[in-house]
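S.K.:
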Amino acid sequence: MIRYRTLFEVDIVHDYFVNRGEVVIEAQPDEDRAALAALYSAADVFEIEPDAPTRAALAGHKLLFRSTRSGFIVVVQADASTPPRPIIAPGDGFRLAFVLRLRDARFANYTELGPPSSFYRFGNDAQNRVAGVSYLSRPIPAFDTTRRYLVGEVRSQAAGSTFDLFLALRDTGPAATPVAADWRRIPADTFSAGETYQSGAIVLAANRVYRALVDAPGTNLANAAEWQPLELLGNQYASATDAMGVEFAFATLDIAAAALSSATVRITRAGAAAPVSEQPFAAEQGTLSRVQVDLRTMPSGTYRLEVLDDTQTAVPGQSRSIFVAADARSTGAFGVIEIRSGTADYALLDGAGALRSPRYALRFLNRATRWRYIFPAPQAIGAGADVAHEGADQRVLVTAAARPLSRFGPGSLLQANVVATPASEEILLPAPDVERMRRENAEWFSETHLPNLTVGP
Numbered sequence: 003m004i005r006y007r008t009l010f011e012v013d014i015v016h017d018y019f020v021n022r023g024e025v026v027i028e029a030q031p032d033e034d035r036a037a038l039a040a041l042y043s044a045a046d047v048f049e050i051e052p053d054a055p056t057r058a059a060l061a062g063h064k065l066l067f068r069s070t071r072s073g074f075i076v077v078v079q080a081d082a083s084t085p086p087r088p089i090i091a092p093g094d095g096f097r098l099a100f101v102l103r104l105r106d107a108r109f110a111n112y113t114e115l116g117p118p119s120s121f122y123r124f125g126n127d128a129q130n131r132v133a134g135v136s137y138l139s140r141p142i143p144a145f146d147t148t149r150r151y152l153v154g155e156v157r158s159q160a161a162g163s164t165f166d167l168f169l170a171l172r173d174t175g176p177a178a179t180p181v182a183a184d185w186r187r188i189p190a191d192t193f194s195a196g197e198t199y200q201s202g203a204i205v206l207a208a209n210r211v212y213r214a215l216v217d218a219p220g221t222n223l224a225n226a227a228e229w230q231p232l233e234l235l236g237n238q239y240a241s242a243t244d245a246m247g248v249e250f251a252f253a254t255l256d257i258a259a260a261a262l263s264s265a266t267v268r269i270t271r272a273g274a275a276a277p278v279s280e281q282p283f284a285a286e287q288g289t290l291s292r293v294q295v296d297l298r299t300m301p302s303g304t305y306r307l308e309v310l311d312d313t314q315t316a317v318p319g320q321s322r323s324i325f326v327a328a329d330a331r332s333t334g335a336f337g338v339i340e341i342r343s344g345t346a347d348y349a350l351l352d353g354a355g356a357l358r359s360p361r362y363a364l365r366f367l368n369r370a371t372r373w374r375y376i377f378p379a380p381q382a383i384g385a386g387a388d389v390a391h392e393g394a395d396q397r398v399l400v401t402a403a404a405r406p407l408s409r410f411g412p413g414s415l416l417q418a419n420v421v422a423t424p425a426s427e428e429i430l431l432p433a434p435d436v437e438r439m440r441r442e443n444a445e446w447f448s449e450t451h452l453p454n455l456t457v458g459p
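So in our numbering, the last one in the sequence shown is 459, and the numbering has no gaps at all.
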């Protein structure tokens, strides 16, 4: 009897599709969470396929690759032991690579990845396990006093066993400490001490999700008789930290800043100690400017390139990691997921060689923009509005702060249904489409053109 068991699974989540506005999917009511999850498929965003060497490895190790709604799974032919072991165990050099290609041309509009990059590399060597989740993206870095942050970039701050995440609302830094007005903690808490909750209500506070166990519970979320603590958010997303250069056949390096008359480029495969190649270069006169490194004999994968001087010492600032693609077509992909044998919580097998069947996660952050509404004539604003006139132009309304884009998020109030104006009905402006965006004055804006609306009773 042939038996297949899970070798590993990968879940790919995008907050644009599964969140509702500022409320993350984990903090949604149970029925809404189920509905949002059912409407999302990773295949709507990415085409995922094994590269050529991986297809050979799958066959050689009796593995099967299958796409799933949430990402993909790899199963392995296993024996009948308990726990099961693979018929052909992955060795030390085991490596699988899955190429990610974008299906949605608007991906860059609704995704926040920091400064633009042409390629991203993710893998189970990230060692970024937070709140019980093994992320394939590298850890979000803490605040760097020497950096200039662009609007939409994120930084982390340790918060117990997880991290607080902060989003740059505009370009900011360098600074000795974060400028409070330039950053906002995400995701936003949904718990309010002034609100009365019913049994079963879901709230988020300080990265922890809670469920109300009784009607009208108190405000002490630590009261186990009234509140049930649920999952803790890991707050880890794909970011600029995962960006990596991608090359095929040759890589051109600009080493002019090193001012070397001769140099050696040492190439070492990720995770290995010994280099796979050392290529010498010498200037006919003066110093080297650009050198072309031959990668044609390199198997696909991640490598470290170091520039060495005449004493075979690595030149500071001249080292970099690159991904060598299996073919020229892969250099145009969005990125790659590399899976190796792994260690600790990321390991495919336990110490006895039995399957661990780890589940990995890759999550993308939805972009936040200020929402700008443009009318043909001056537009009045009602009581309780989320928008205000932008400068002196009464035809243009804008939200005070950036708001996350989401497929099923709420719009902006032009007029609220408030007690002070009982005769005035609520008027809701639509959430913006992701097609019309612009970067302006160090901020992102989404623009929506609308006909004029009547406010008041």
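Glycine residues also receive a C-beta, built at the ideal position from the N, C-alpha and C atoms.
Remember, predicted model here, so these are calculated numbers, not experimental data.
What whole-angstrom Cβ distance do residue 102 and residue 328 have, given they're in contact under 8 Å?
M.R.: If you number the sequence shown from 1, residue 102 lands on position 100. If you number the sequence shown from 1, residue 328 lands on position 326. Contact doesn't hold; Cβ gap of about 14 Å is too wide.
S.K.: Using alpha carbons as the reference points, say which of 149, 245, 346, 406 lies closest to residue 118.
M.R.: As a position in the sequence shown, residue 118 is number 116, starting the count at 1. Among 149, 245, 346, 406, the Cα nearest to that of residue 118 belongs to 245.
S.K.: Rounded C-beta distance between residue 21 and residue 408? I'm assuming under 8 Å.
M.R.: In the sequence shown, the residue the question calls residue 21 occupies position 19. In the sequence shown, the residue the question calls residue 408 occupies position 406. Contact flag correct, Cβ pair sits at about 5 Å.
S.K.: In chain order, what residues of the same chain lie with their CB nearer than 7 Å to the CB of residue 89, ignoring the 5 residues before and after it?
M.R.: As a working note, residue 89 is residue 87 in the sequence shown. Answer for residue 89: 64, 79, 80, 81, listed in chain order.
S.K.: Take residue 312 and list the residues in its own chain whose beta-carbon comes closer than 7 Å to its own, dropping the five residues that flank it on each side.
M.R.: The sequence position of residue 312 within the sequence shown is 310, counting from 1. Hits under 7 Å: 264.
S.K.: Could you please give me the residues that DSSP links to residue 73 through a beta bridge?
M.R.: By one-based count along the sequence shown, residue 73 stands at place 71. Beta-bridge pairing links residue 73 to 13, 70.
S.K.: If I follow the unbroken alpha helix (DSSP H) through residue 104, where does it start and stop?
M.R.: Taking the sequence shown and counting its residues from 1, the one referred to as residue 104 is at position 102. Unbroken run through residue 104 is the beta strand (DSSP E), 97 to 104; no alpha helix (DSSP H).
S.K.: Which full runs of the beta strand (DSSP E) of 3+ residues lie inside the segment 133 to 189, going along the chain?
M.R.: Counting only runs of 3 or more, we get 135 to 137, 156 to 161, 164 to 170, 185 to 188.
S.K.: Would a C-beta distance cut-off of 9 Å place residue 403 and residue 12 closer than the cut-off?
M.R.: Residue mapping note: residue 403 aligns to position 401 of the sequence shown, counting from 1. Residue mapping note: residue 12 aligns to position 10 of the sequence shown, counting from 1. Going by C-beta atoms, residue 403 is not nearer than 9 Å to residue 12.
S.K.: If residue 370 sits next to residue 405, beta carbons under 8 Å apart, how far is it from one beta carbon to the other, in whole angstroms?
M.R.: Reading the sequence shown from its first residue, position 368 is the one you call residue 370. Reading the sequence shown from its first residue, position 403 is the one you call residue 405. The Cβ separation is near 6 Å, so the contact holds.
S.K.: When you compare the CB positions of residue 1 and residue 305, do they come within less than 9 Å of one another, or not?
M.R.: Outside the modelled stretch of the chain, which goes from 3 to 459, sits residue 1, for which no answer is possible.
S.K.: DSSP three-state call for residue 47: helix, strand or coil?
M.R.: The count along the sequence shown starts at 1 and reaches residue 47 at position 45. Here residue 47 sits in coil by DSSP.
S.K.: Could you give the C-beta distance for residue 240 and residue 124, rounded to a whole number, given that I count them as a contact under 8 Å?
M.R.: Mapped onto the sequence shown, residue 240 falls at position 238. Mapped onto the sequence shown, residue 124 falls at position 122. Confirmed, about 7 Å.
S.K.: Does the Cβ of residue 3 have 16 or more other Cβ atoms within 10 Å, making it buried, or fewer, making it exposed?
M.R.: Your numbering for residue 3 matches position 1 in the sequence shown. The residue is exposed, with fewer than 16 neighbouring Cβ atoms inside 10 Å.
S.K.: Just the Cα atoms here: how many angstroms apart are residue 166 and residue 156?
M.R.: Looking up residue 166 in the sequence shown gives position 164. Looking up residue 156 in the sequence shown gives position 154. If I take the Cα positions, the gap works out to 10 Å.
S.K.: In terms of residue numbering, what span does the alpha helix (DSSP H) encompassing residue 41 cover?
M.R.: The count along the sequence shown starts at 1 and reaches residue 41 at position 39. Start and end: 32 to 41.
S.K.: Compute the beta-carbon to beta-carbon distance between residue 393 and residue 416, rounded to the nearest angstrom, for a pair I have assumed lies under 8 Å.
M.R.: Working through the sequence shown from its first residue, we reach residue 393 at position 391. Working through the sequence shown from its first residue, we reach residue 416 at position 414. That pair is no contact at about 18 Å.
S.K.: Among 427, 71, 433, 345, which has the Cα closest to the Cα of residue 458?
M.R.: As a first step, residue 458 is located in the sequence shown; it is residue number 456 there, counting from the start. The candidate whose alpha carbon is nearest that of residue 458 is 427.
S.K.: Measuring CB to CB, does residue 17 end up less than 9 Å from residue 366?
M.R.: Translated into the one-based positions of the sequence shown, residue 17 becomes position 15. Translated into the one-based positions of the sequence shown, residue 366 becomes position 364. Contact: yes.
S.K.: Three Cβ pairs or more, each shorter than 8 Å: is that satisfied between the segment 97 to 117 and the segment 436 to 445?
M.R.: The segment 97 to 117 is in contact with the segment 436 to 445.
S.K.: Quick one, are the C-beta atoms of residue 322 and residue 307 less than 9 Å apart?
M.R.: As a working mapping, residue 322 is identified with position 320 in the sequence shown. As a working mapping, residue 307 is identified with position 305 in the sequence shown. It is a contact, given that the beta carbons lie within the stated cut-off.
S.K.: Bridge partners for residue 249 per DSSP, in chain order?
M.R.: Here residue 249 refers to the residue found at position 247 when the sequence shown is read from its first residue. Beta-bridge pairing links residue 249 to 326.
S.K.: Thinking C-alpha only, which one of 430, 68, 372 is nearest residue 442?
M.R.: Taking the sequence shown and counting its residues from 1, one reaches residue 442 at position 440. Answer by Cα proximity: 372.
S.K.: Residue 7 to residue 160, Cα distance in whole Å?
M.R.: As a first step, residue 7 is located in the sequence shown; it is residue number 5 there, counting from the start. As a first step, residue 160 is located in the sequence shown; it is residue number 158 there, counting from the start. Roughly 37 Å between the two C-alpha positions.
S.K.: Since residue 207 and residue 164 should fall inside the 8 Å C-beta cutoff, what is the C-beta to C-beta distance between them, to a whole number of angstroms?
M.R.: Position 205 of the sequence shown, counting from 1, holds the residue named residue 207. Position 162 of the sequence shown, counting from 1, holds the residue named residue 164. Wrong, their Cβ atoms sit about 13 Å apart, outside the cutoff.
S.K.: Taking contact to mean 3 or more Cβ pairs, one atom from each stretch, closer than 8 Å, check whether the segment 141 to 152 and the segment 172 to 188 are in contact.
M.R.: Because the criterion of three Cβ pairs below 8 Å is met, the segment 141 to 152 and the segment 172 to 188 touch.
S.K.: Residue 47 and residue 104 - do their beta-carbons sit closer together than 9 Å?
M.R.: Residue 104 sits at position 102 when you count from the first residue of the sequence shown. Residue 47 sits at position 45 when you count from the first residue of the sequence shown. The answer is yes: Cβ separation under 9 Å.
S.K.: Which residue from 108, 259, 23 puts its Cα closest to that of residue 290?
M.R.: Taking the first residue of the sequence shown as 1, we reach residue 290 at position 288. Ranking the options by Cα distance to residue 290, first place goes to 259.
S.K.: Candidates 388, 399, 447: which alpha carbon is nearest residue 418's?
M.R.: Here residue 418 corresponds to residue number 416 of the sequence shown, with the count starting at 1. Residue 418 has its Cα closest to that of 388, out of 388, 399, 447.
S.K.: Just reading off the alpha helix (DSSP H) that residue 57 is part of, what are its end residues?
M.R.: In the sequence shown, the residue the question calls residue 57 occupies position 55. It spans 54 to 62 - the alpha helix (DSSP H) in which residue 57 sits, taken as one unbroken run.
S.K.: Based on the DSSP output, what are the partners of residue 294 in its beta bridges?
M.R.: The residue you call residue 294 lines up with position 292 of the sequence shown. DSSP, once it has assigned bridges, lists 254 as partnering residue 294.
S.K.: Run through DSSP, which three-state label would residue 377 get?
M.R.: Within the sequence shown, numbered from 1, the residue matching residue 377 stands at position 375. Looking at residue 377 - three-state DSSP - the assignment turns out to be coil, as it is neither helix nor strand.
S.K.: In the DSSP assignment, what are the bridge partners of residue 449?
M.R.: Indexing the sequence shown from 1 puts residue 449 at position 447. Residue 449 pairs with 374.
S.K.: Mind checking residue 130: buried by the 16 CB within 10 Å criterion, or exposed?
M.R.: As a position in the sequence shown, residue 130 is number 128, starting the count at 1. The residue in question, residue 130, is buried, as its Cβ has 16 or more Cβ neighbours within 10 Å.
S.K.: Do residue 24 and residue 195 have their C-beta atoms closer together than 9 Å?
M.R.: Translated into the one-based positions of the sequence shown, residue 24 becomes position 22. Translated into the one-based positions of the sequence shown, residue 195 becomes position 193. Against a cut-off of 9 Å, the Cβ pair of residue 195 and residue 24 comes out as no contact.
S.K.: Between the C-alpha atoms of residue 60 and residue 140, what's the straight-line distance to the nearest angstrom?
M.R.: Working through the sequence shown from its first residue, we reach residue 60 at position 58. Working through the sequence shown from its first residue, we reach residue 140 at position 138. Residue 60 and residue 140: Cα-Cα distance of roughly 26 Å.
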